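K.L.:
This is the structure I want to talk about, given as C-alpha cells.
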Amino acid sequence: MAWTRRRSSGMYQGLYRDASGRVRTAEGGPWSRKAEAMRRAGEAEAAARALGWRDPAAAGERWGTWRLEWERSRTVEASTKRSDDGRLAKHLEPRWGSVPLVDITRHDVKTWYAQLQRDGLSPATAQRCVHLLSASLNAAVDAGILSANPAARLRLSVPAPSTERYLTHAEFDAIVAQLEEPWARMARLLVGTGLRWGEAAGLHAHRVSATWVEVVEVWDQHGRQMKAYPKGKKRRQVPLPDWVQLDAASATCGMRHARGACRGGLVVTSVEGSVMDSARFRTQWDAACRAAEAGHVRVHDLRHTYASWLLQAGVSLAEVGRLLGHTSPLTTQRYAHLAETPSEAVLAALGAHGGQPDARDRRARLRLLGSR
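So the sequence shown is numbered by UniProt numbering: it starts at 1 and just counts up by one.
Listed below in C-alpha cells is the structure:
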C-alpha cells in the first residue's frame with residue numbers, strides 16, 4: 001500500500017513497496033499536494049508489482065557481485081563446477097568483475113573472446129568462457145535484472161577441428177599386439193564399442209550381456225566416484241562384438257556411487273583389480289603405438305575409429321550418432337565425410353557405361369565390426 005511523507009520543506013514524497021518488498025520513492029516528486037503524492041505513489045506501486053517489471057537500479061549491479069548470487073542458485077555436476085570455478089577466477093572475474101551488468105555489450109564480449117585467444121587460449125576454451133559468461137547473464141535476464149543477454153547467439157569464429165586419426169583394422173591389430181593385459185582388453189573394448197573413457201572404465205558386469213552393453217554408470221576420475229548416468233544423461237545400448245573379451249567381475253567395484261548401491265564389479269580393471277587409471281593406460285597405449293610405428297594416436301581416436309568402421313560398413317550417420325551417445329546430430333556431422341560414396345562405386349558406375357560389369361559387382365564389401 002502506498003503512503004506519503006512530509007518533508008521539512010512542506011512538500012510531500014510518495015512512497016511504496018515494489019514486488020520484492022523494498023521501499024521506494026515515486027519519481028517526479030516532491031509535490032505540494034499530499035493527494036498528488038499519494039496518487040503518484042499508488043501508480044508506481046501498481047507498475048512495480050506488474051508482471052515483467054524490472055528494477056531500473058538493479059542492472060547497475062557489478063557482474064562480480066551478481067556472480068556470487070548466480071552461483072548460489074546454480075546446480076551443476078561437481079566436475080563441471082571445478083572446471084568452471086577455474087575459468088571464472090582466471091578469465092571472467094578479472095575482465096567483468098567490476099563492470100556493471102548494464103554496461104556489458106555484445107561488442108565488448110566479442111572483443112574479449114578475441115583477446116582470450118591472443119593470450120594463448122584455444123578457440124574452444126575461449127568459447128567455453130563466453131558460454132559461461134552467457135549463462136550468468138541469462139540468469140540475470142531470468143531474475144528480471146536485464147532485459148536481454150548481450151552474450152547470447154554471438155557469431156564467434158568456429159574452432160578448427162582437431163586432427164583425428166582413423167585407424168584401419170590392421171593398424172589397430174598391430175598396436176594392440178604390443179599391449180599386455182589388461183591394457184589390450186581395454187583397447188578392444190574402446191574400439192569395439194565406441195565408449196568414452198569414463199563409460200568404459202565404469203562398465204559394470206550386470207550391464208553386459210553376450211551381445212549388448214548398456215551404458216549407464218560412468219567413472220568420474222576427478223570426483224573419484226561412479227556417476228549414475230553418461231554424458232547427455234541418457235542411457236543407451238551398444239552391440240558387443242564377440243572379439244571384445246571382458247573380465248570376470250568381482251562382487252563390487254569398490255568405489256563410491258553417486259546414487260544407489262553398487263550391484264556388481266567392473267568388467268575391465270587395472271592390474272591391481274581396481275578402476276583403470278586413464279593416465280596409466282595412456283602411457284601403455286603411447287608405448288604400444290611407438291613400438292608398432294603407428295605414429296601419434298590419441299586414446300580418444302579409438303572412438304573416432306569405431307565411428308569410421310561403422311560408416312564404412314554402411315551404418316547410417318544417425319545410427320552412429322545414437323551408438324556414440326551424441327545428443328545433437330551436429331556432433332556426428334564431423335564424420336559425415338566418411339559416409340560419402342566411395343570412389344570405387346563412382347568408378348564402377350562410370351565403367352558400366354562402356355560395357356563393363358554392373359557397378360554393384362565391383363563395389364568394395366566392407367566388413368562389419370562383428371566379423372573381424
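Cβ coordinates follow ideal geometry from the N, Cα and C atoms, glycine included.
Just so it is clear, the structure is predicted and the values come from calculations on it, not from any experiment.
DSSP three-state call for Tyr-12: helix, strand or coil?
P.N.:
Tyr-12: strand per DSSP, three-state reduction.
K.L.:
How big is the Cα-Cα spacing for Arg-259 and Arg-236?
P.N.:
Distance between the alpha carbons of Arg-259 and Arg-236 is about 18 Å.
K.L.:
Answer yes or no: do Gly-202 and Val-299 have a C-beta to C-beta separation smaller than 9 Å?
P.N.:
Contact flag unset, no.
K.L.:
Just to confirm, are Arg-87 and Arg-128 a CB contact at a threshold of 9 Å?
P.N.:
Result yes, Cβ atoms of Arg-87 and Arg-128 sit closer than 9 Å.
K.L.:
Just reading off the beta strand (DSSP E) that Thr-25 is part of, what are its end residues?
P.N.:
Here the beta strand (DSSP E) through Thr-25 covers 23 to 25.
K.L.:
Three or more C-beta pairs closer than 8 Å, one from the region 288 to 302 and one from the region 183 to 197: is that the case here?
P.N.:
Judged by Cβ distances under 8 Å, the region 288 to 302 makes contact with the region 183 to 197, as three or more pairs qualify.
K.L.:
Are the CB atoms of Ala-41 and Leu-15 nearer to each other than 9 Å?
P.N.:
Yes; because the gap between Cβ atoms is below 9 Å, this pair is in contact.
K.L.:
Using 8 Å as the Cβ pair cut-off and three pairs as the minimum, do the region 60 to 76 and the region 112 to 124 touch?
P.N.:
Touching, no, given that fewer than three Cβ pairs across the two stretches are closer than 8 Å.
K.L.:
Can you grab the Cα-Cα spacing for the pair Met-226 / His-204, in whole Å?
P.N.:
When rounded, the distance between both Cα atoms is 10 Å.
K.L.:
Could you pull out every unbroken alpha helix (DSSP H) segment of at least 4 residues lying fully inside the UniProt domain "Core-binding (CB)" (54 to 141), listed in chain order?
P.N.:
Those alpha helix (DSSP H) runs which fall completely within the UniProt domain "Core-binding (CB)" (54 to 141) and span 4+ residues are 63 to 73, 78 to 87, 93 to 96, 106 to 118.
K.L.:
By the 10 Å Cβ neighbour count, where 16 or more other Cβ atoms means buried, how is Arg-22 classified, buried or exposed?
P.N.:
The residue in question, Arg-22, is exposed, as its Cβ has fewer than 16 Cβ neighbours within 10 Å.
K.L.:
Work out the CA separation of Glu-43 and Arg-334 for me, nearest whole Å.
P.N.:
Rounded to whole angstroms, Arg-334 to Glu-43 spans 57 Å at the Cα level.
K.L.:
By DSSP, does Lys-34 sit in helix, in strand, or in coil?
P.N.:
Correct three-state label for Lys-34: helix.
K.L.:
With DSSP as the reference, label Pro-329 as helix, strand or coil.
P.N.:
Pro-329 falls in the helix class under three-state DSSP.
K.L.:
Between the alpha carbons of Leu-133 and Leu-92, how many angstroms are there, rounded?
P.N.:
Using only the alpha carbons, I get a separation of about 7 Å.
K.L.:
Considering only the beta carbon of each residue, do Leu-246 and Val-268 sit closer than 9 Å?
P.N.:
Yes, these two residues count as a Cβ contact at 9 Å.
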